[in-house]
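**Q** Let me give you the structure first, and then I'll get to my questions.
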Amino acid sequence: MAKPTINVCLLGSKFMGRTHSNAYLKVAKFFDLPVNPVMHTVAGRNRAELDEFKERWGWHHASTDWKQAISDPAIGLVDVGTPNNVHAEHSIAALEAGKHVACEKPLAASLSDARQMRDAARKAKGKTFVWYVYRRCPAVALAHLFAKEGKLGRIYHVRAAYLQDWAGPDVPLIWRFQKGVSGSGSHGDLGAHIIDMARFITGDEITEVIGSVAETFIKERRIVESGSKGGIAGGASGGGAMGKSDVDDAVLFLARFSKGAIASFESTRLATGNQNRNEIEINGDKGAIRFNFEDMNYLEFYDATLPRRQQGWTKIMATHGGDHPYAANWWPDAHIIGYEHGFINELADMLAVIGGKAPVVPLPDFEDAYKTQQVLEAATISAEQRRPVRLEEIK
Ligand code: SOE
1 MAKPTINVCL LGSKFMGRTH SNAYLKVAKF FDLPVNPVMH TVAGRNRAEL
51 DEFKERWGWH HASTDWKQAI SDPAIGLVDV GTPNNVHAEH SIAALEAGKH
101 VACEKPLAAS LSDARQMRDA ARKAKGKTFV WYVYRRCPAV ALAHLFAKEG
151 KLGRIYHVRA AYLQDWAGPD VPLIWRFQKG VSGSGSHGDL GAHIIDMARF
201 ITGDEITEVI GSVAETFIKE RRIVESGSKG GIAGGASGGG AMGKSDVDDA
251 VLFLARFSKG AIASFESTRL ATGNQNRNEI EINGDKGAIR FNFEDMNYLE
301 FYDATLPRRQ QGWTKIMATH GGDHPYAANW WPDAHIIGYE HGFINELADM
351 LAVIGGKAPV VPLPDFEDAY KTQQVLEAAT ISAEQRRPVR LEEIK
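For the sequence shown, position 208 (counting from the first letter as 1) is numbered 208 according to this note's numbering, and the numbering increases by one without interruption.
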């Protein structure tokens, strides 16, 4: 009997358009799903680029009219892979058209947009998802399970940093440096990931941002003459005129969790020598975990319940099919996976939920992702007003 399918409309054909298209192509090859995706339509702005993208990735249709594309009765899932300032417009229109919606992170460029998305999701019949892809690294999912099983015990510390170094003065004023499009700089782009990851692994919520500092080291950049071809800044080139970068290049903040843990978060695009170092360490009274995306197949675990003479960091290769999340869908032990597999794992979970099944580990919907957006906002206010900000202030 033919398996149920769902027609997908993807909005956006740049970096996340590529990671998501790859996931649609591969997911049914590696996962047994209750419903298979059909790459129905990709919508964007530039017809020539869109036609090339459609052919390269195997989308059936291409449209420069996103509103018409998402309202097609044949579409079941709308995937929002566009810049942050249009996440709300695109997602809310799709929810109102009765579709399921998968939106890239962060939920939105602003708290008010995010709130509108959360409220629209509360009223909608479609399910919502947010592509916080690092939850789908098997090692991060394993850390979540370890914490849930009590292997860390009472958590004292969360120490999270997302360090990149691509944004030097030669990078032109792409959308990621324009507050009107991105909403913030490294904070919403990278800080959102580590806030989500810390909440996901600990299962706890942040109640206060104790202090925060934001810095724009490079205050002016060359205005873009030709746009990026789908990468962080891939291929964008600037002309002679300079424009103001009105977002942070780096944000650091201290926070407190509801169960008492204290935390530090650092996001930056100028940590020279760290290309995509998304890392977290969590210390509890029974144990600790350490993860670094640049070594993404490993989870380091410290078991403090062992006799002291035996204690030490264990480097777990999270690729064993029998025990490690998602690993059974990929390759034999230590035949490692990469960045793109997180998107395929996450899409498999989204399709499982659409098909009435459970995800391997919890998926963030708009309600959950709004909590991360509130923390982003609290840290922004704390930096601007140089004061502690309690999350209860952020409605
Ligand atoms: C750029 O900083 C970026 O592409 C982020 O936007 C992604 O969310 C992250 O996964 C990799 O780096």
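All C-beta atoms, glycine included, are put in the ideal place defined by N, C-alpha and C.
Quick caveat: nothing in here was measured; it's all calculated off a predicted structure.
Do residue 135 and residue 197 have their C-beta atoms closer together than 8 Å?
**A** Numbered from its first residue, the sequence shown carries residue 135 at position 135. Numbered from its first residue, the sequence shown carries residue 197 at position 197. The answer is yes: Cβ separation under 8 Å.
**Q** Comparing C-alpha positions only, which one of 67, 243, 115, 156 sits nearest to residue 171?
**A** For the purposes of this step, residue 171 is identified with residue 171 of the sequence shown, where counting begins at 1. Closest in C-alpha terms to residue 171, from the list 67, 243, 115, 156, comes 243.
**Q** If you measure between the beta carbons of residue 34 and residue 315, is that distance less than 8 Å?
**A** For the purposes of this step, residue 34 is taken as residue 34 along the sequence shown, with counting starting at 1. For the purposes of this step, residue 315 is taken as residue 315 along the sequence shown, with counting starting at 1. Not a contact, by the Cβ cut-off of 8 Å.
**Q** Apply the 10 Å Cβ neighbour rule to residue 132 and answer buried if 16 or more other Cβ atoms are within range, or exposed otherwise.
**A** By 1-based counting over the sequence shown, the position of residue 132 is 132. Per the 10 Å Cβ criterion, buried.
**Q** Comparing C-alpha positions only, which one of 337, 349, 280, 103 sits nearest to residue 157?
**A** Residue 157 sits at position 157 when you count from the first residue of the sequence shown. Ranking the options by Cα distance to residue 157, first place goes to 280.
**Q** From residue 310 to residue 303, what distance separates their C-alpha atoms?
**A** If you number the sequence shown from 1, residue 310 lands on position 310. If you number the sequence shown from 1, residue 303 lands on position 303. Between the C-alpha atoms of residue 310 and residue 303 there is a straight-line separation of about 9 Å.
**Q** Does the separation of the CB atoms of residue 353 and residue 3 fall below 8 Å?
**A** Walking along the sequence shown from the start, residue 353 turns up at place 353. Walking along the sequence shown from the start, residue 3 turns up at place 3. The answer is no: Cβ separation not under 8 Å.
**Q** Could you tell me the distance, in whole angstroms, from the CA atom of residue 115 to the CA atom of residue 46?
**A** Looking up residue 115 in the sequence shown gives position 115. Looking up residue 46 in the sequence shown gives position 46. Cα-Cα distance, rounded: 30 Å.
**Q** With a threshold of 8 Å on Cβ separation, who are the neighbours of residue 25 within its own chain once the five nearest residues in sequence on each side are excluded?
**A** Locating residue 25 in the sequence shown gives position 25, where the first residue counts as 1. Same-chain partners within the cutoff: 39, 57, 58.
**Q** Touch check for the region 81 to 93 and the region 8 to 15: three-plus C-beta pairs under 8 Å?
**A** Yes, since at least three Cβ pairs between the region 81 to 93 and the region 8 to 15 fall closer than 8 Å, the two stretches touch.
**Q** Looking at C-beta atoms only, is the number of pairs between the region 95 to 105 and the region 67 to 78 that lie closer than 8 Å three or more?
**A** yes
**Q** For residue 307, which of 371, 287, 384, 23 has the nearest alpha-carbon?
**A** Within the sequence shown, numbered from 1, the residue matching residue 307 stands at position 307. Per the Cα distances, 287.
**Q** Is residue 133 near the ligand SOE, going by C-beta to nearest heavy atom under 7 Å?
**A** Translated into positions along the sequence shown, residue 133 becomes position 133. Yes, the Cβ of residue 133 comes within 7 Å of a heavy atom of the ligand SOE.
**Q** Smallest Cα separation from residue 53: which of 65, 18, 30, 23?
**A** The residue you call residue 53 lines up with position 53 of the sequence shown. Closest option to residue 53, Cα to Cα, is 18.
**Q** For the ligand SOE, I want to know if residue 105 counts as a neighbour, meaning its beta carbon is within less than 7 Å of at least one of the ligand's heavy atoms.
**A** To locate residue 105, count along the sequence shown from 1; it is residue 105. Yes, since a heavy atom of the ligand SOE falls inside the 7 Å radius drawn around the Cβ of residue 105.
**Q** Starting from residue 35, follow the beta strand (DSSP E) in both directions and report where the run begins and ends.
**A** Translated into the one-based positions of the sequence shown, residue 35 becomes position 35. For residue 35, no beta strand (DSSP E) segment is defined, and its DSSP state is neither H nor E.
**Q** Quick check on the DSSP output: the beta strand (DSSP E) that includes residue 95 runs from which residue to which?
**A** Working through the sequence shown from its first residue, we reach residue 95 at position 95. Per DSSP, residue 95 belongs to no beta strand (DSSP E); it is in the alpha helix (DSSP H), 87 to 96.
**Q** Would you say residue 189 touches the ligand SOE, meaning its beta carbon is less than 7 Å from a heavy atom?
**A** In the sequence shown, counting from the first residue as 1, residue 189 sits at position 189. Under cutoff, so the answer is yes.
**Q** For a quick check, are the C-beta atoms of residue 142 and residue 325 less than 8 Å apart?
**A** The residue you call residue 142 lines up with position 142 of the sequence shown. The residue you call residue 325 lines up with position 325 of the sequence shown. Yes. Within cutoff.
**Q** Run through DSSP, which three-state label would residue 375 get?
**A** Looking up residue 375 in the sequence shown gives position 375. Here residue 375 sits in helix by DSSP.
**Q** With respect to 7 Å, is the separation between the Cβ of residue 20 and the closest non-hydrogen atom of the ligand SOE below this value?
**A** Residue numbering aside, residue 20 sits at position 20 when the sequence shown is read from its first letter. Checking the Cβ of residue 20 against the ligand SOE gives no.
**Q** Taking only the alpha-carbon atoms, compute the straight-line gap between residue 44 and residue 347 and give it to the nearest angstrom.
**A** In the sequence shown, counting from the first residue as 1, residue 44 sits at position 44. In the sequence shown, counting from the first residue as 1, residue 347 sits at position 347. C-alpha separation (whole angstroms): 21 Å.
**Q** Looking at residue 341 and the ligand SOE, is the gap between the Cβ and the nearest heavy atom below 7 Å?
**A** Position 341 of the sequence shown, counting from 1, holds the residue named residue 341. Answer for residue 341: no, Cβ out of range of the ligand SOE.
**Q** Using only the alpha-carbon positions, how far apart do residue 374 and residue 265 sit?
**A** Translated into the one-based positions of the sequence shown, residue 374 becomes position 374. Translated into the one-based positions of the sequence shown, residue 265 becomes position 265. Cα-Cα distance, rounded: 15 Å.
**Q** Comparing the CB of residue 292 with every heavy atom of the ligand SOE, is any distance shorter than 7 Å?
**A** Counting from 1 along the sequence shown, the entry for residue 292 is found at position 292. Checking every heavy atom of the ligand SOE against the Cβ of residue 292, none is found closer than 7 Å.
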